[in-house]
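All remarks here apply to the structure that follows.
There are 2 protein chains.
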Amino acid sequence: MSDAVDQILGQWARERPDVDAWPMGIVGRITRLSRLLDRELKDFFAGYGLEHWEFDVLATLRRSGPPYELTAGALNRAAMVTSGAITNRIDRLAAKGLVERVPDEEDRRSVRVRLTERGRTTVDEIVGPHVANEARLLASLGPDEREGLAVLLRGLLESLGDTSIR
Amino acid sequence: MSDAVDQILGQWARERPDVDAWPMGIVGRITRLSRLLDRELKDFFAGYGLEHWEFDVLATLRRSGPPYELTAGALNRAAMVTSGAITNRIDRLAAKGLVERVPDEEDRRSVRVRLTERGRTTVDEIVGPHVANEARLLASLGPDEREGLAVLLRGLLESLGDTSIR
DNA sequence: ATTGATAATCTCAACGTTGAGATAACAACA
DNA sequence: TGTTGTTATCTCAACGTTGAGATTATCAAT
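Chains as they are written, first to last, in the UniProt record's numbering: chain D, 1 to 166; chain C, 1 to 166.
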């Protein structure tokens, strides 16, 4: 069998036989998978009236444990977006009543973002179905393949310095 | 060793022990890798005065072989973006003199987008260094790991229907 | 030839992110 | 105490994508 990336590699081999394009077999597939999975997740969350990024922020707060609050900076790093994007996201989640800004008494530069009761129940209701949906998307992988893939991806992430959510 | 995703999985295991979040170990890593690699590629292309998407379009035309032209729709599907985005990209590449729109005589609904001479030399000069740069990013993988990872990712892509660039 | 369905591209307003700069607060130290 | 450097967040204009709709062309069937 072959996928879209095999065809791309075949084209390069024909047009530029002097270049060994093997890295595209990894990078290209990661990029395409990310896009495809993103579309699927978008559709899934739309069924709950949520944007993907909304769930992402809420879930980050939820899994941090009680009192379900993090600084804007921590959310920032977790989401891998810029500070401007996080300010915007917090604004909109706060407008929807899913999070609230709490002044940080220890460090007045910081803003703590806290899940509201509604925000917490929202995540808690969706996380189960969400994981089930992801499992469905990965259903073609057997148990050993899952593990092997996770190990390889982890090694790559580590080598690129992604070793901590801070 | 552990990466950022291991920490996320650990948080879920603590907060929601009833949910087995293993799929996040795959989906989360693919998403994070995609973002990290994207940043690296962005920096790389900036060194050549190009945007990542610019190289992407030019390379798609180049690897299709002489006469280095494709319809807007084909570029569209290859880039996995919407039609509006491709119209915009072609406009800007044409303004830079890297591609040109050629009317399709067979099907007057179609527009053929052709690499200009400057566009072709641009890709041909950069593709070698680009692949070398990607190889650098993947340097932590041994030969067997590269192959194993490519096989697993291909299987996943196939199962999600990404079997053709059309 | 006409009709209806399908297809390719373009248009454009809404949306979200980026990235640089502004503001305010903290930290270290002379 | 004042100074310098660093950190956290917010601001905002520029940029690019999305997605629905408009336009024009092709195809199939009658």
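Ideal Cβ positions, reconstructed from N, Cα and C, are used throughout, including at glycine. These numbers come from a predicted model, not from an experiment.
- Along the segment 11 to 22 of chain C, going in chain order, the ones with a CB nearer than 9 Å to a CB of chain D are Gln11, Trp12, Arg14, Glu15, Arg16, Asp18, Val19, Asp20, Ala21, Trp22.
- Listed in chain order, the positions of the segment 112 to 124 of chain C with a beta carbon within less than 9 Å of a beta carbon of chain D are Asp124.
- In the three-state DSSP reduction, Val81/D falls in the coil class, being neither helix nor strand.
- Against chain C, the CB of Glu134/D has a partner CB under 9 Å away; the residue lies at that interface.
- Look at Arg109/D here: in three-state DSSP terms it is coil, with no helix or strand label.
- Counting along the chain, the unbroken beta strand (DSSP E) around Leu70/C starts and ends at 69 to 71.
- For Asp162/D, the chain C residues whose C-beta falls within less than 7 Å of its own C-beta are Asp3, Ala4, Arg32, Leu36, listed in chain order.
- Any Cβ of chain C closer than 9 Å to the Cβ of Leu70/D would place that residue at the interface, and such an atom is absent.
- If you draw a 10 Å sphere on the C-beta of Arg32/C, you find 16 or more other C-beta atoms in it, and that means buried.
- In terms of beta-carbon proximity, Ala139/C lines the interface with chain D, with at least one pair separated by less than 9 Å.
- Chain D has a Cβ within less than 9 Å of the Cβ of Ile26/C.
- Assignment of Val102/C by DSSP, reduced to helix, strand and coil, places it in the strand class.
- Arg146/D sits in a helix when the DSSP states are folded into three classes.
- Under the three-state reduction of DSSP, Arg16/C is assigned to coil, being neither helix nor strand.
- In chain C, no part has a C-beta under 8 Å from the C-beta of Arg89/D; the shortest such distance is about 16 Å.
- In this structure, DSSP gives Leu58/D a helical state, which the three-state scheme calls helix.
- In the same chain as Val19/D, and ignoring 5 residues on each side of it, the C-beta atoms closer than 7 Å to its own belong to Trp12, in chain order.
- With a cutoff of 9 Å on beta-carbon distance, Ala72/C and Val111/C are scored as near each other.
- Under the Cβ criterion (8 Å, minimum of three pairs), the segment 136 to 147 of chain D counts as touching the segment 136 to 156 of chain C.
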